[in-house]
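Residue numbers (my numbering), protein chains in the order written: chain A, 1 to 235; chain B, 236 to 470.
Glycine included, each C-beta is placed from N, C-alpha and C at the ideal position.
Since the structure is predicted, the reported quantities are computational estimates derived from the model, not experimental observations.
Presented below is the structure to which this report refers.
There are 2 protein chains.
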Amino acid sequence: MELSTMTTAPVGTGSAGTASAYRPTDRTVPSRSRERAHYDREVVHAILDAAYVCHLGFVRDGAPVVLPTLYGRVGERLYLHGSTGSRPLLAAGKADPGLPICVTVTHVDGLVLAKSAFHHSINYRSVVVHGTAYQVTDEDEARMALDALVDHVVPGRSADSRPANAKELAATAVIRLDLDEVSAKIRTGGVNDEPEDLSLPYWSGVVPVARTYGTPIPSADLDPSIATPDYLAAL
Amino acid sequence: MELSTMTTAPVGTGSAGTASAYRPTDRTVPSRSRERAHYDREVVHAILDAAYVCHLGFVRDGAPVVLPTLYGRVGERLYLHGSTGSRPLLAAGKADPGLPICVTVTHVDGLVLAKSAFHHSINYRSVVVHGTAYQVTDEDEARMALDALVDHVVPGRSADSRPANAKELAATAVIRLDLDEVSAKIRTGGVNDEPEDLSLPYWSGVVPVARTYGTPIPSADLDPSIATPDYLAAL
């Protein structure tokens, strides 16, 4: 099944290593599906900016841990945050130099149903970032990062909510991860069946998959005079 | 921000360790947000069965790697698969005893917009599985696992496609992960604002988020007499 290609590392494009693309490294050397991988910064940024939940991987006691968390992007840097009591963030603070992490973002765009089970696949866009996380200790950078995190989920929201106070800021740990060892992987298009399978009596094609937003539900205690913000209609 | 709770480990419920629930371990000991964590098998199974893409974490050269991949569930076991050339699967085959992995599945159900940036949150359902991956070497189990994988994406599809032949089966590595060290974490409901913030002039509430499927797009070369299967309408 082509599904298997989702488990392989991405590969650079011709622009890899240029100002417009990330440089390939040992960790992003391809094992297969070269045609699906991209290093272009614009491609990577677009995939990162279209999501807000990533999967954060780190090593604890020699074993992998993968947790969902939210993130924001500011230029060539990702910001993740959590409670000052959360394990990975504590580790990032204690680790010297920093905490090795892997941040992965995945969009599922379609189900690809082939005549053969083997060629079933998924249309998707994913980005994998390898690097070292460091705690943000500068208060101004932390506040900027938290605004970026909120605006990454709902663009424009940070300016329409109460900023964190000193107590809240002290309870929130922010870590940063520079976008340096980065690659994207994209699968698009239709079915790739074997020619000899085309006459088989099975349906084949693509089922589009998308993330959709429902009608915003105001809090029960919300002042009725406060209208639903335009930035929610834009989602 | 309550978003931070997404980065913490889950915690068992009162039923933890019983026949109906997974037993808590050091790796699933809570650091916070106890009310959001569940060990109940039915809860975990429902979250796993509602998705088909997981994020697979493993350790390579001491650093974490997180890759999106597909999976299927058969009872208390997950099956993941990939090319026999893919790194984690090769590692699972070589590793003795097995390859330590972490498999995480996350659904985003809503955006929770509070009056304060700090209390912004996400409604979500996630499952984290810690364990050791082993390659499936028995051909019958491998075939069953691949059927489960296809049917996990589209229930009923494996019976309506050509099964893998010997060559395809040989090119596909299947790994298994027993559901033993498992926990779920769920955030539902509305905004949890501070009482003193309720009078602030900001909109607050929840924006529902859902995964939706579009109209199936038949392959261009599909025999027009082959109708769209009912199991696609059921998605």
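Residue i versus residue j: straight-line alpha-carbon distance, rounded
i, j, result
"residue 77/A", "residue 34/A", "26 Å"
"residue 178/A", "residue 102/A", "11 Å"
"residue 24/A", "residue 129/A", "12 Å"
"residue 69/A", "residue 147/A", "16 Å"
"residue 47/A", "residue 461/B", "35 Å"
"residue 97/A", "residue 64/A", "19 Å"
"residue 154/A", "residue 232/A", "7 Å"
"residue 234/A", "residue 356/B", "19 Å"
"residue 276/B", "residue 257/B", "7 Å"
"residue 166/A", "residue 447/B", "41 Å"
"residue 104/A", "residue 180/A", "14 Å"
"residue 196/A", "residue 424/B", "52 Å"
"residue 294/B", "residue 302/B", "11 Å"
"residue 224/A", "residue 426/B", "16 Å"
"residue 56/A", "residue 131/A", "11 Å"
"residue 220/A", "residue 263/B", "35 Å"
Reference residue i, options the options, closest by Cα
i, options, result
"residue 289/B", "59/A, 28/A, 124/A", "124/A"
"residue 395/B", "403/B, 386/B, 402/B", "386/B"
"residue 296/B", "189/A, 26/A, 121/A", "26/A"
"residue 406/B", "434/B, 259/B, 463/B, 377/B", "377/B"
"residue 345/B", "460/B, 468/B, 457/B, 440/B", "440/B"
"residue 140/A", "192/A, 163/A, 120/A, 157/A", "163/A"
"residue 199/A", "348/B, 369/B, 457/B", "457/B"
"residue 452/B", "121/A, 20/A, 112/A, 134/A", "112/A"
"residue 284/B", "369/B, 341/B, 459/B, 415/B", "341/B"
"residue 51/A", "343/B, 263/B, 286/B, 254/B", "343/B"
"residue 215/A", "454/B, 450/B, 445/B, 449/B", "445/B"
"residue 274/B", "291/B, 292/B, 254/B", "254/B"
CB contact check: residue i to chain A, cutoff 8 Å
i, result
"residue 297/B", "yes"
"residue 365/B", "yes"
"residue 376/B", "no"
"residue 246/B", "Summary for residue 246/B: the model assigns pLDDT 42, below 50, so the residue's position carries little reliability; its value from the coordinates is reported in the next sentence. It does not; no Cβ of chain A falls within 8 Å."
"residue 303/B", "yes"
"residue 335/B", "yes"
Proximal chain A residues relative to residue i, where beta-carbon distance stays under 9 Å
i, result
"residue 399/B", "1, 116, 117, 118"
"residue 199/B", "Residue numbering for chain B in the displayed model covers 236 to 470; residue 199/B lies beyond these limits and cannot be assessed."
Contacts around residue i, its chain only, beta-carbon distance under 8 Å, and the 5 residues preceding and following it disregarded
i, result
"residue 380/B", "307, 309, 314, 316, 371, 409, 411"
"residue 373/B", "none"
Cβ-based neighbour list, residue i, same chain, cut-off 7 Å, excluding 5 preceding and 5 following
i, result
"residue 420/B", "245, 271, 272, 361"
"residue 464/B", "395"
"residue 193/A", "114, 115, 116, 119, 204"
"residue 43/A", "184"
"residue 157/A", "150, 151, 231"
8 Å Cβ cutoff, residue i in contact with chain B
i, result
"residue 158/A", "yes"
"residue 126/A", "yes"
"residue 226/A", "yes"
"residue 211/A", "yes"
"residue 182/A", "no"
"residue 219/A", "yes"
"residue 6/A", "Confidence at residue 6/A is low in this model, with a pLDDT of 48, below 50, so the placement of that residue is unreliable and no value is reported for it."
"residue 136/A", "no"
"residue 48/A", "no"
"residue 122/A", "yes"
"residue 168/A", "yes"
"residue 189/A", "no"
"residue 179/A", "no"
"residue 20/A", "no"
Cutoff 6 Å; reference residue i; Cβ partners in own chain excluding five residues on either side
i, result
"residue 202/A", "115"
"residue 133/A", "92, 98, 99, 101, 175, 177"
"residue 443/B", "345"
"residue 417/B", "257, 279, 364"
"residue 169/A", "none"
"residue 422/B", "271, 358, 359"
7 Å Cβ cut-off: residues of chain B touching residue i
i, result
"residue 229/A", "438"
"residue 235/A", "442"
Contact set between residue i and chain B, taken where Cβ atoms lie within less than 8 Å
i, result
"residue 155/A", "Correct list: empty, because the minimum Cβ distance to chain B is about 12 Å."
Contact set between residue i and chain B, taken where Cβ atoms lie within less than 9 Å
i, result
"residue 108/A", "287, 288, 303, 446"
"residue 25/A", "Near residue 25/A there are no residues of chain B at all, since even the closest Cβ is about 11 Å away, more than 9 Å."
Within chain A, partners of residue i - CB distance below 7 Å
i, result
"residue 307/B", "Correct list: empty, because the minimum Cβ distance to chain A is about 10 Å."
"residue 339/B", "55, 66, 67, 68"
Interface partners of residue i on chain A, CB under 8 Å
i, result
"residue 294/B", "59, 62, 63, 64"
"residue 313/B", "Within 8 Å Cβ-Cβ: nothing; residue 313/B doesn't reach chain A, min ~14 Å."
Against chain E: residues of the stretch 430-444 of chain B by CB proximity under 9 Å: Looking for chain E here will not work: the only protein chains present are A and B.
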